[in-house]
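Participant:
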Amino acid sequence: MKRLINLEEVPQNLSESIKHSIASYFSGHPDSIAEIPLDIPETSPPFFKKIWQACRTIPPGETQNYGWLAKQAGNPKAVRAAGQAMKKNKLPLFIPCHRVILSNNKLGNYSSGGTNMKKFFLNIESGGAYE
């Protein structure tokens, strides 16, 4: 299994730090997850890496669309590729693909547990705005 969390950049007691960050997230402090550095595998497509990095900049409780992600990654016309990158995301809590919606402001699909899971995460972050 490939390493996805950069061990050199996280606190010494990794498991406790990550456990605390996840508990904080589910206790209403979604910013705690963004602080965990990730080590994306070298074999990942470079454009996907840019998409995932851009996705991590979307603040908790806010959303952006796939066009915004493509633009942030340097290729505004690659909207479908941005969607594919989100589909291939193996760390949905740490690379918050639930914050990415369709250009018509609909939630769209969510490969990490379906639309109900997407709403669940968005509600944690926004205080229930996606009922």
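Per my numbering, the very first residue in the sequence shown carries number 43; after that it's consecutive. Don't be surprised by glycine CBs; every beta carbon is placed ideally from N, CA and C. Note that the structure is a prediction, hence the values are computed from the model and not measured.
Using the three-state DSSP reduction, which class does residue 137 fall into: helix, strand or coil?
Facilitator: Three-state DSSP puts residue 137 in coil, outside helix and strand.
Participant: Among 89, 134, 58 and 78, which residue has its Cα nearest to the Cα of residue 111?
Facilitator: Of the candidates 89, 134, 58 and 78, the one whose C-alpha sits nearest the C-alpha of residue 111 is 89.
Participant: For residue 143, does the three-state DSSP call read helix, strand or coil?
Facilitator: Reduced to three states, the DSSP call for residue 143 is strand.
Participant: With which residues is residue 106 paired in a DSSP beta bridge?
Facilitator: In DSSP, residue 106 forms a bridge with 142.
Participant: DSSP state of residue 164, grouped into three classes?
Facilitator: It is helical.
Participant: Rounding to the nearest angstrom, what Cα-Cα distance links residue 118 and residue 109 in this structure?
Facilitator: Taking the straight line from one Cα to the other gives about 6 angstroms.
Participant: Taking the alpha-carbon positions, what's the residue 61 to residue 144 distance?
Facilitator: Cα to Cα, the separation comes out at about 32 angstroms.
Participant: With a threshold of 16 other CB atoms inside 10 Å of the CB of residue 163, please say whether the residue is buried or exposed.
Facilitator: Classification of residue 163: buried, given that the 10 Å Cβ count is 16 or more.
Participant: Quick check on residue 157: does DSSP put it in helix, strand or coil?
Facilitator: In this structure, residue 157 counts as helix in the three-state DSSP scheme.
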